[in-house]
Amino acid sequence: MASVPNKILISSQHDDVRLDNFLSKEFLLPKNLIYKEIRKGNIKVNKKKKKYSYRLKSNDEISIYGNYEFDIIEQKPIPKSYIKKFNDAIIFKDQNYIVLNKWAGISSQSGTKVDISIDDIASQISFDNKKLHLVHRLDKDTSGLLILALDIKTSRFFLDVFSSQKIKKTYFAIVQNKEKMKTRGTINIPIFDKEKKLEAKTNYKLEKKISNSLSYVRLNPKTGRKHQLRIHCSESNFPILGDKKYFHKDMHNKLREKKLFLHAGEIEFIGPNKKLVKYNADLPDHFQKYLEKIS
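Position one of the sequence shown corresponds to residue 1 (my numbering), numbered consecutively onward.
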């Protein structure tokens, strides 16, 4: 048995780290135990209940109530095949950050129903003795460009870039369209998150007509809401192929694809070196094979 301090003061080194990830990595606590104790109110931040996904700030104080002890367990080893897949997916690396072409089917971060995530793999990899920091997320079934910072300063830089919309993101998708699509358009449909009505905007362009009911489209989100592209496409009567959450029942029976056809293919921004950079990620195999099959 090993005791965990009753009070933990957060330093700048752990600024913007998720609460569950901090407790897991710093004290090797099992995630399921962390989630349970947070739900019960036995773990608080600044004497208030927070979600496990809460991002810590400098001088936050974590309180652990009850004076109990945790069974400290060793960090779960990541299979070498995942480490190799991660390294093979890197399309850019410098002293500040790496850019990954994330494969579909793996979550960006850990959770109650997540076995292995990109963040888990990254925690066991270092470059020049620097730890990787996830600065944004992609849905589990979405493939494409994912940025990980190599230090806290760069992590903060990207948090500002994403939060202030200083980055141009381009996604590609195959959608099922009930009716004829316009060549291009803008979707302005609010998205509700925890009963809050949030403004959301997406520009789209028809890249290629595949068949009478399928189209290949380019999507440029102007806001960053949860599931924004999937919701916007569904609400605009062209749901993304393979989307099991936002599909249309009358279309779902015709084409049952196991994988989601949504790919974060391009990003463009002013980097830490003050220069404009642009990265592109090839479409995943399931995407390319499907396009070839139906062309």
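Backbone N, C-alpha and C define an ideal beta-carbon position, used for all residues, glycine too.
* To do: Using the DSSP secondary-structure output, state which residues sit across from Tyr216 in a beta bridge.
  => Here residue 216 is taken as the residue at index 216 of the sequence shown, counted from 1. DSSP, once it has assigned bridges, lists Ile174, Lys208 as partnering Tyr216.
* **Status (buried if at least 16 other CB within 10 Å, exposed otherwise) for Tyr296** => Residue 296 lies beyond the residue range present for the chain, which begins at 1 and ends at 295; the question has no answer from this structure.
* Those residues which DSSP pairs with Thr202 across a bridge -> The residue you call residue 202 lines up with position 202 of the sequence shown. Looking at the DSSP assignment, Thr202 forms a beta bridge with Ile187, Pro221.
* Cβ-based burial, Gln176 [other Cβ within 10 Å; buried from 16] -> Within the sequence shown, the letter at position 176 stands for residue 176. Counting Cβ neighbours within 10 Å, Gln176 comes out buried, since at least 16 surround it.
* To do: Could you round the C-beta distance between Ser108 and Leu56 to whole angstroms and report it? I think they count as a contact, below 8 Å.
  => One-based indexing of the sequence shown puts residue 108 at position 108. One-based indexing of the sequence shown puts residue 56 at position 56. Wrong, their Cβ atoms sit about 18 Å apart, outside the cutoff.
* Asked: With distances taken between CB atoms, is the gap from Ile380 to Val161 smaller than 9 Å?
  -> Nothing can be reported for residue 380, as the shown portion of the chain is limited to 1 through 295.
* Is the region 208–226 touching the region 174–193 in the sense that three or more CB pairs, one from each, lie closer than 8 Å? -> yes
* Own chain partners of Ser117 with C-beta closer than 8 Å, once the 5 adjacent residues on each side are dropped -> Within the sequence shown, residue 117 is the residue found at index 117, counting from 1. The residues are Ile106, Ser107, Ser108, Gln109, Ser110, Gly111.
* Can you give me the start and stop residues for the beta strand (DSSP E) that His263 sits inside? => For the purposes of this step, residue 263 is taken as the residue at position 263 of the sequence shown. Run containing His263: 262–270, per the beta strand (DSSP E) assignment.
* 9 Å Cβ cutoff met for Leu219 and Asp141 -> To locate residue 219, count along the sequence shown from 1; it is residue 219. To locate residue 141, count along the sequence shown from 1; it is residue 141. No, these two residues do not count as a Cβ contact at 9 Å.
* Taking just the CA atoms, how far does Ile187 sit from Glu179? -> Your numbering for residue 179 matches position 179 in the sequence shown. Your numbering for residue 187 matches position 187 in the sequence shown. Distance between the alpha carbons of Glu179 and Ile187 is about 16 Å.
* Asked: Taking Lys278 as the reference, which of Ile98, Asn129, Lys36 has the closest Cα?
  -> Your numbering for residue 278 matches position 278 in the sequence shown. It is Ile98 whose Cα lies nearest to the Cα of Lys278.
* Asked: Is Asp20 closer than 9 Å to Leu159 when the C-beta atoms are compared?
  -> Translated into the one-based positions of the sequence shown, residue 159 becomes position 159. Translated into the one-based positions of the sequence shown, residue 20 becomes position 20. Their beta carbons are not under 9 Å apart, which means Leu159 does not touch Asp20 by this criterion.
* Asked: For Ile43 versus Ser58, is the C-beta spacing smaller than 9 Å?
  -> The residue you call residue 43 lines up with position 43 of the sequence shown. The residue you call residue 58 lines up with position 58 of the sequence shown. In this structure, Ser58 does not lie closer than 9 Å to Ile43 by Cβ.
* Asked: Using a Cβ-Cβ cut-off of 8 Å (strictly less than) and excluding sequence neighbours within five positions of Leu132, which residues of its own chain qualify?
  -> Here residue 132 refers to the residue found at position 132 when the sequence shown is read from its first residue. Correct list, in chain order: Ile98, Ala122, Ser123, Ile125, Ser126, Leu148, Ala149, Leu150.
* Asked: Do you know offhand how far Ser234's Cα is from His248's?
  -> Along the sequence shown, one-based indexing puts residue 234 at 234. Along the sequence shown, one-based indexing puts residue 248 at 248. Using only the alpha carbons, I get a separation of about 7 Å.
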